[in-house]
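Visitor: Handing you a structure now.
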Amino acid sequence: MTADALVEWLRAAGCVFAEREAALLREAAPSPAHLDALAARRVAGEPLEQVLGWAEFRGLRLRVEPGVFVPRQRSGLLVDLAAPLLVPGATLVDLCCGTGALAAALAARVPGLVVHAADVDPVAVRCARVNLPGAHVHLGDLFDALPTALRGHLDVVVANVPYVPSAEVALLPPEAREHEARAALDGGAGGLEVLRRVLAGAVTWLRPGGWLLSEVAERQAGTARRAAGAAGLDARTVTDEEFETTALVASRPAR
Numbered sequence: 050m051t052a053d054a055l056v057e058w059l060r061a062a063g064c065v066f067a068e069r070e071a072a073l074l075r076e077a078a079p080s081p082a083h084l085d086a087l088a089a090r091r092v093a094g095e096p097l098e099q100v101l102g103w104a105e106f107r108g109l110r111l112r113v114e115p116g117v118f119v120p121r122q123r124s125g126l127l128v129d130l131a132a133p134l135l136v137p138g139a140t141l142v143d144l145c146c147g148t149g150a151l152a153a154a155l156a157a158r159v160p161g162l163v164v165h166a167a168d169v170d171p172v173a174v175r176c177a178r179v180n181l182p183g184a185h186v187h188l189g190d191l192f193d194a195l196p197t198a199l200r201g202h203l204d205v206v207v208a209n210v211p212y213v214p215s216a217e218v219a220l221l222p223p224e225a226r227e228h229e230a231r232a233a234l235d236g237g238a239g240g241l242e243v244l245r246r247v248l249a250g251a252v253t254w255l256r257p258g259g260w261l262l263s264e265v266a267e268r269q270a271g272t273a274r275r276a277a278g279a280a281g282l283d284a285r286t287v288t289d290e291e292f293e294t295t296a297l298v299a300s301r302p303a304r
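Using our numbering, the letters of the sequence shown map in sequence onto residues 50 to 304.
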């Protein structure tokens, strides 16, 4: 397949950045037959990152397998907000870690962290173990996946929880709803069911003065702040207008 033919095939399938995608696919394919197979997967609607086997996030190339949640660039807001709260030797936990993108970016920015990560998706855990060498990556449900010795000693928890209301999952782009684990997308009836569970656990798993950061939809900001307060945490929300991202920033009172 010629380069021009590949670009036209991708463009006809609705790929907005067809030229760039074609270049990446050609780079990834060791043979023409392999290129045809990769291109066919992309044209069929599979996310480019899953086709390539990697995603770029905050300057890192992270392992991504079919079916796993693809890191979103907008989630970099959590990295920017969490990094100043960490120092070498601090204990960082990445809940709902997916590929481990948040923890990987923070570990690259703040060397010497003690990193734990957890997810209920075995495929995500497999990817995270590749992306987080030297970290402790656990298969399990939120804080229940962590060693009990960490209870009350966590400095920072980042949790890119699913926050799409169940009724709205069907409205997501096909790349997400058809090719990513539903557990990574579906936040329950109001979209904040998983976050409420994280907040309930954070008040005992964080050290006094420790921090929890999670991504939410802008329309959920007020509800998320109130839920954090009801759980015993001090909370605020931060919105990045450029990436249209909102983060909940909560802390366990020091006393």
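The beta-carbon is built from N, C-alpha and C at its ideal position, and this holds for glycine as well.
Let me confirm a value: THR148 is counted as buried when at least 16 other C-beta atoms fall within 10 Å, else exposed. Which label applies?
Guide: The residue given as residue 148 occupies position 99 in the sequence shown. So THR148 ends up on the buried side.
Visitor: Taking the continuous alpha helix (DSSP H) assigned at ALA52, which residues delimit it?
Guide: Taking the first residue of the sequence shown as 1, we reach residue 52 at position 3. 52-61 is the span of the alpha helix (DSSP H), which, as asked, contains ALA52.
Visitor: Using DSSP with H/G/I as helix, E/B as strand and the rest coil, what is ARG107?
Guide: For the purposes of this step, residue 107 is identified with residue 58 of the sequence shown, where counting begins at 1. Looking at ARG107 - three-state DSSP - the assignment turns out to be coil, as it is neither helix nor strand.
Visitor: Under 8 Å between the Cβ atoms of HIS228 and GLU95?
Guide: Start at 1 with the first residue of the sequence shown, and residue 228 comes out as number 179. Start at 1 with the first residue of the sequence shown, and residue 95 comes out as number 46. Yes. Within cutoff.
Visitor: Bridge partners for TRP260 per DSSP, in chain order?
Guide: Taking the sequence shown and counting its residues from 1, one reaches residue 260 at position 211. VAL205, SER300, per the DSSP bridge assignment.
Visitor: Counting along the chain, where does the beta strand (DSSP E) carrying VAL130 start and finish?
Guide: Here residue 130 refers to the residue found at position 81 of the sequence shown. The identity of residue 130 in the sequence shown is Leu, whereas the question assumes Val. Careful: LEU130 lies outside any beta strand (DSSP E), inside the alpha helix (DSSP H) at 125-131.
Visitor: Are the CB atoms of VAL169 and GLY189 nearer to each other than 8 Å?
Guide: For the purposes of this step, residue 169 is taken as residue 120 along the sequence shown, with counting starting at 1. For the purposes of this step, residue 189 is taken as residue 140 along the sequence shown, with counting starting at 1. Contact flag set, yes.
Visitor: When the Cα of ARG245 is compared with those of ASP129, LEU297, GLY102, which residue comes out closest?
Guide: Residue numbering aside, residue 245 sits at position 196 when the sequence shown is read from its first letter. The shortest C-alpha separation from ARG245 is found at LEU297.
Visitor: Can you list, in chain order, the stretches of the beta strand (DSSP E) that have 3 or more residues and sit fully within the segment 216-300?
Guide: Within the segment 216-300, the complete beta strand (DSSP E) runs of at least 3 residues are 255-265, 283-289, 294-300.
Visitor: To the nearest angstrom, how far is it from the Cα of LEU59 to the Cα of LEU109?
Guide: Residue mapping note: residue 59 aligns to position 10 of the sequence shown, counting from 1. Residue mapping note: residue 109 aligns to position 60 of the sequence shown, counting from 1. Answer to the nearest angstrom: the Cα atoms are 26 Å apart.
Visitor: Tell me which same chain residues have a C-beta within less than 6 Å of the C-beta of GLN99, skipping the five on either side of it?
Guide: Locating residue 99 in the sequence shown gives position 50, counting from the first residue. If we look at GLN99 and ignore the five residues flanking it on each side, its Cβ neighbours are VAL113, PRO115.
Visitor: From the DSSP output, in three-state form, read off LEU190 for me.
Guide: Here residue 190 refers to the residue found at position 141 when the sequence shown is read from its first residue. Note on residue identity: the sequence assigns Asp, not Leu, to residue 190. Here ASP190 sits in coil by DSSP.
Visitor: Contact check, LEU101 vs LEU73 under 8 Å by CB: the rounded distance?
Guide: Numbered from its first residue, the sequence shown carries residue 101 at position 52. Numbered from its first residue, the sequence shown carries residue 73 at position 24. With a Cβ gap of about 6 Å, LEU101 and LEU73 count as contacting.
Visitor: Hey, out of CYS146, VAL117, CYS64, ALA89, whose CA is closest to LEU127's CA?
Guide: Against the sequence shown, residue 127 aligns to sequence position 78. Cα-wise, what sits closest to LEU127 is CYS146.
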